[in-house]
Amino acid sequence: MLKLLSSSSSRVHCLSTATPSLLVKPDSNSVFHAVGRLTGLTRRSPTNSLFRAFFCSESSDGSGSNSGSEPVVEVEVKGVESESNGSDSKASSAIVPTYPRPEDYLTVLALPLPHRPLFPGFYMPIYVKDPKVLAALQESRKRQAPYAGAFLLKDEPGTESSPSSETEKSVYDIKGKELFNRLHEVGTLAQISSIQGDQVILIGHRRLRITEMVSEDPLTVKVDHLKEKPYDKDDDVIKATSFEVISTLRDVLKTSSLWRDHVQTYSQHIGDFNFPRLADFGAAISGANKLQCQQVLEELDVHKRLQLTLELVKKEMEISKIQESIAKAIEEKISGEQRRYLLNEQLKAIKKELGLETDDKTALSAKFRERLEPNREKCPPHVLQVIEEELTKLQLLEASSSEFNVTRNYLDWLTVLPWGNYSDENFDVLRAQTILDEDHYGLTDVKERILEFIAVGKLRGTSQGKIICLSGPPGVGKTSIGRSIARALNRKFFRFSVGGLSDVAEIKGHRRTYIGAMPGKMVQCLKNVGTANPLVLIDEIDKLGRGHAGDPASALLELLDPEQNANFLDHYLDVPIDLSKVLFVCTANVVDNIPNPLLDRMEVIAIAGYITDEKMHIARDYLEKTAREACGIKPEQVEITDAALLALIENYCREAGVRNLQKHIEKIYRKIALRLVREGSSNESAISGEVVQPAEATAEVVNESDQHAGANKTGVEVESVGDNSHEHTSETFVQVDTVQTSDQPKDSKDATDAEKLQEAEVTKAVEKVLVDNSNLADFVGKPVFHAERIYDQTPVGVVMGLAWTAMGGSTLYIETTQVEQREGKGALHCTGQLGDVMKESAQIAHTLARAILQEKEPDNPFFSNSELHLHVPAGATPKDGPSAGCTMITSMLSLAMKKPVRKDLAMTGEVTLTGRILPIGGVKEKTIAARRSEVKTIIFPSANRRDYDELAPNVKEGIDVHFVDVYSQIFKLAFEYDNSNTGN
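Residue numbers for the sequence shown follow the UniProt record's numbering, so the first one is 1 and each next one is one higher.
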């Protein structure tokens, strides 16, 4: 219903009578004079004096100004001598006399005030939203009874003070008895000065107390008119309190312009001050909350009211001081910055006049020319021309323009690039070989290609850039070998990954017209390395993305083309850059994902992965050393046996790379470090708790400890240094040898030093932790992989095949069984998550097996009358590829002829309908998988003989390999064997 019009600059406005002596210009002196009139509060007002009252209506914006909205009405009234009890005098009343008198109103309309109470002598504009209440107010004004009761609204129980919008909304919804219960008992009798629409201006007269409710809609209540309790004007305590209020008001007026405006307005419209009016004035214009103001309104004891007002104005004084200090600090800061700026500008002007300093544009031009000077002779002519044009353009631009910043950044990039600046390359093949072997074991193909690159450069006297692509499974060292190659060639190294890259601007740069434009990665590379012939490693090139910003794979065509990158054009620089000396090394996991035009520009070197022997060397020579140093463990403290490393590789880290192997070795050393620290802490605490014994007793204790060593249940062997006998048990033995010192004197200083030295040697005893195959699970947990070999001797219908996987390679079994046998029911069902290619291979194998069986056993109608089920375990692993064709045929023929294949036989190869065996991939991985499963005989297609011959001798050792062209050769090897030699 009601809305209080308030603002931060004007809380309430006052209205009362004014004497002619106060109608002066409201400067600070007259304000102090008006407030100083309070010191003469005991003086009586002259009888029958003429007073002039000003009635000021609130302006439409609620600012409290009386200009421009309604005229000022002057009314002459007779003053009446003030009563001796200090109550409000009629002479000081500025209210228009109406009939009947205000004190005759005992039943009034109750208006709620949500924010602040209305004090006598002040006016307050409010909004009335309830039509019934607004009609009642207008009717009262027409009946020459323009009075209503204004009462502060209580907060809703159990809730904190809410924002004004929520409070106003709740006021509109409260009516009747609920509103009556929410009103404070003490309020103010308010005269209705004016009504404009739903805006009502109230003028406070005197205090009221609600006695009972008369009607609910609109809310009408019975009231009692309240007067101040009698007081003695000459009371020293009241005077002192009032003087302190006046003094505080004076101090506030000096600091707060807001209060000064209030008092100036009040001094123009107020009559004689008295103590109650002073208390109301101080509380009304203070910034106290509504409950504190309501407390002042309810207080009828003048002395207590003055004390409450004094507390409020004192708080205002403190707030004013804080406000003044904040304003002063901010002003000092701003003025200091302005002063510093002016001084700097003056200093620049002085230096410029004296020739000691040039302006910004001249300094920038000089800096760019100085940066370009060392490479001026090597810089291409077309680049020099562009730089000179941009420098001339820079001098003509204003420093505050946006084009100036664009040109400055462009010149910054042009002059910082290493035009024609090449690093001295290393053409020493032996030194390069040593560096490559220091960092990586194996990778013979990669190292051989780098040595060839160095040899060609040495013969030519100069080297050209190349594009090499290293492909292989994760963890084989593709990325780390790039840094070693750069060190071997004595070139700068720069790496950036293009995995998931979908913006062409990352390669070719942005246009200079864009905000925040930058060159591409290659230009940033040249700036970082400072040479024009670095080694650039482009990582994850098989994972290029493609988005709305273009196709980065197509943008790399120019960068990685030896015929085009001599004039590589970046969108930002817009001048050709020579990248022909750059050696590009790309890495990829799967070459098939690289677009063919891009793949055609690269020289692909496949890294198949590491076999067990290579992993053993890498773990022993590289990974173990790095992990030991990272954990702060000395070599003499730990020993990991070869059996433990072999078990770790075979049972935990079977993948082609060594990244997982490195993680497991680090895990072992972390657990060893924790064990050593725990044992060291227990030994220190044991030694610190011992009492120093005589030398003989100490020797006896040590000798006894030599005979009875403590046991440790960790399963880790601990050997004492210098002890030749090693106890290989699951317990821990610690042996410490000491020297007899029985002949040393007890009281001498040398004996004490010897005992301390002996104790130090005992505490520094080095313990060696032995990790072998028996206790490996204590460090890395249970084995992850188990033996791939399911059958010691494959039964009928089961044949071992070879497959390539991301882990490097594995063996898998092809199992075929007969579901049912009925005449004319020949069919084949396949399971095991087989891909489309593998399902087609199964159909080809079924057709070819029927033809071969018809040839070998014409009277055998097995395939014509049998429904077969072919399964490839494990069922949860997706499988695809044509290389299992010959294995499927052999499995079906084994079931048809009821004859198992040769023991320890594995085969791989794609088969055609005519029985031809086509080549396959992953020869190295499949050979390693066969060795791991203890396969003695392998069948490969003849076309893969070259791949097998390239394998290391240790990979081929102990394996009988047969190369075949047609399936008939496989049939002989698989089924035509001597049973006595196979164990069947």
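Backbone N, C-alpha and C fix where the C-beta goes; we use that ideal spot for every residue, glycine too.
About 4 Å separates the Cβ atoms of residue 542 and residue 588, confirming a contact at the 8 Å cut-off. CA-CA distance, residue 175 to residue 320, rounds to 40 Å. Secondary structure remark: continuous alpha helix (DSSP H) runs of at least 4 residues inside the stretch 134-161: none found.
Sequence-distant Cβ neighbours of residue 863 in its own chain, meaning closer than 7 Å and more than five residues away, are 826, 849, 850, 853, 896.
Short of 6 Å from the beta carbon of residue 892, and not among the five residues preceding or following it, lie these beta carbons of its own chain, in chain order: 816, 849. At least 7 Å separates the beta-carbon of residue 560 from that of residue 511. Of the candidates 577, 961, 497, 577 places its Cα closest to the Cα of residue 519. Annotation: residue 485 to residue 612 spans about 25 Å, alpha carbon to alpha carbon. Rounded to whole angstroms, the separation of the alpha carbons of residue 777 and residue 646 is 13 Å.
The shortest C-alpha to C-alpha distance from residue 490 to any of 433, 921, 674, 443 is the one to 433.
Contact between residue 672 and residue 769 holds, since their C-beta atoms are separated by about 5 Å, short of 8 Å.
The C-alpha of residue 367 lies about 24 Å from the C-alpha of residue 346. Between the alpha carbons of residue 209 and residue 334 lies a gap of roughly 53 Å. Under the three-state reduction of DSSP, residue 439 is assigned to helix. Taking a 10 Å sphere around the C-beta of residue 280, we find 16 or more other C-beta atoms and assign the residue as buried. The beta carbon of residue 659 lies closer than 6 Å to those of 475 in the same chain, with the five residues before and after it left out. The closest CA to that of residue 315, considering only 360, 278, 327, 251, is found on 251. The secondary-structure analysis by DSSP pairs residue 206 across a beta bridge with 189. Residue environment for residue 400: exposed (fewer than 16 other C-beta atoms within 10 angstroms of its C-beta). Comparing alpha carbon positions, the residue from 299, 410, 930 closest to residue 802 is 930.
Two segments are said to touch when three or more pairs of C-beta atoms, one from each, lie closer than 8 Å; by this definition the stretch 127-140 touches the stretch 100-115. Rounded to the nearest whole angstrom, the CA to CA distance from residue 936 to residue 904 is 5 Å. In the DSSP annotation of this structure, the continuous segment of the alpha helix (DSSP H) that includes residue 402 starts and ends at 402-416. Looking at 337, 294, 323, 282, the one whose alpha-carbon comes closest to that of residue 312 is 282. The beta carbon of residue 912 sits closer than 7 Å to those of 918, all from its chain and outside the five residues before and after it, given in chain order. If only uninterrupted alpha helix (DSSP H) runs of at least 4 residues are considered, none is enclosed by the stretch 210-246. For residue 123, the enclosing beta strand (DSSP E) starts and ends at 122-128.
Assignment of residue 348 by DSSP, reduced to helix, strand and coil, places it in the helix class.
Shown here, residue 469 sits in a strand according to DSSP, grouped into three states. The alpha-carbon of residue 926 is positioned some 5 Å away from that of residue 809.
Beta-bridge partners assigned by DSSP to residue 586: 469, 538. Residue 938 and residue 910 have their C-alpha atoms roughly 15 Å apart. Beta-bridge pairing by DSSP links residue 936 to no other residue. It is roughly 17 Å from the alpha-carbon of residue 569 to the alpha-carbon of residue 416.
Within the same chain, and ignoring the five residues on either side of residue 149 in sequence, the residues whose Cβ sits closer than 8 Å to its Cβ are 108, 109, 110, 111, 187, 188, 189, 190, 208, 210, 221, 223. For residue 480, the enclosing alpha helix (DSSP H) has its first and last residue at 478-489.
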